[in-house]
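Under the numbering used here, residue 453 is the last one in the sequence shown; the count climbs by one each step, no gaps.
Just so it is clear, CB atoms sit at the ideal spot from N, CA and C, and this is done for glycine as well.
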Amino acid sequence: MAKLGITPYVAPTAVVTASRLGRYTEVGARSSLLEVDLGDYSYVVNDANIAYAQIGRFVSIAAQTRINPGNHPMQRASQAHFTYRSSAYFEGESDEDAFFAWRRSRLVRIGHDVWIGHGAVVLPGRSIGTGAVIGAGAVVTKDVEAYTIVAGNPARPIRRRFSEDVATRLEALAWWDWPHGTLRMALPDFRSLEVEAFLDRYEGLAVDGAIGSI
Numbered sequence: 240m241a242k243l244g245i246t247p248y249v250a251p252t253a254v255v256t257a258s259r260l261g262r263y264t265e266v267g268a269r270s271s272l273l274e275v276d277l278g279d280y281s282y283v284v285n286d287a288n289i290a291y292a293q294i295g296r297f298v299s300i301a302a303q304t305r306i307n308p309g310n311h312p313m314q315r316a317s318q319a320h321f322t323y324r325s326s327a328y329f330e331g332e333s334d335e336d337a338f339f340a341w342r343r344s345r346l347v348r349i350g351h352d353v354w355i356g357h358g359a360v361v362l363p364g365r366s367i368g369t370g371a372v373i374g375a376g377a378v379v380t381k382d383v384e385a386y387t388i389v390a391g392n393p394a395r396p397i398r399r400r401f402s403e404d405v406a407t408r409l410e411a412l413a414w415w416d417w418p419h420g421t422l423r424m425a426l427p428d429f430r431s432l433e434v435e436a437f438l439d440r441y442e443g444l445a446v447d448g449a450i451g452s453i
């Protein structure tokens, strides 16, 4: 793994177009990002293809994933490229701006601390809640609720990661917004405490206003 810092790490063979990469982010070899907002501490492993997506912090995206694959105009007499990528086929013709605006409008939204497994596909317009897990090879055709594990084709809920109460407490604590120094100081507790004990400790500090000073 590359040494990460304020400046995002982008592998030499990756292609990043019209995107914003946050702090401590990484884009792996041969991955492609088009108009993607990648939040702080999130990473994309090799051979992923992501377009028109808003991705939160601390999101882990495995290899060979596809997020927001291009739709074709199935309702037309032809759904082929020549109808909207016309400049490649006909001299003097331009590409169809309205079609690509339609694709952009179907943004994929991914919350914080989400894990997307190897080879998963997230279809256009879907939302994935904070803390969710998308199983390897899953095809996400519907929105995924926060802290829910889904798998399969089409992806279906397997179970919740945590109870609704714990999930609500985690979202209220919003540890993903903590300063970098606070994350480092809390690292032993991230590693060793069960989630309820972690919440008990840091909810108390949040009430006391001490989170930013630990």
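| Asked | Found |
| --- | --- |
| Could you tell me which of Gln314, Leu444, Leu273 sits nearest to Thr455, measuring between CA atoms? | Limits of the chain in this structure are 240 at one end and 453 at the other, which puts residue 455 out of reach. |
| Along the chain, where does the beta strand (DSSP E) containing Thr387 start, and where does it finish? | 387-390 |
| Apply the 10 Å Cβ neighbour rule to Arg311 and answer buried if 16 or more other Cβ atoms are within range, or exposed otherwise. | Looking at the sequence itself, residue 311 is His, so the reference to Arg does not match. So His311 counts as exposed. |
| Measure the C-alpha to C-alpha separation of Arg342 and Ala436 and round it to an integer number of angstroms. | 44 Å |
| What separation, rounded to the nearest whole angstrom, lies between the Cα atoms of Ala394 and Glu330? | 43 Å |
| With C-beta atoms as the reference, is Leu412 less than 8 Å away from Leu438? | yes |
| Considering only their Cβ atoms, is the gap separating Ser326 from Ser317 smaller than 8 Å? | no |
| Look up Ala290 in the DSSP assignment and say whether it is helix, strand or coil. | strand |
| Given that a residue counts as buried once 16 or more other Cβ atoms are within 10 Å of its Cβ, and exposed if not, what is His351? | buried |
| Identify every run of the beta strand (DSSP E) within the segment 241-300, keeping only runs that are complete inside it and at least 3 residues long; order them along the chain. | 254-256, 271-277, 288-294 |
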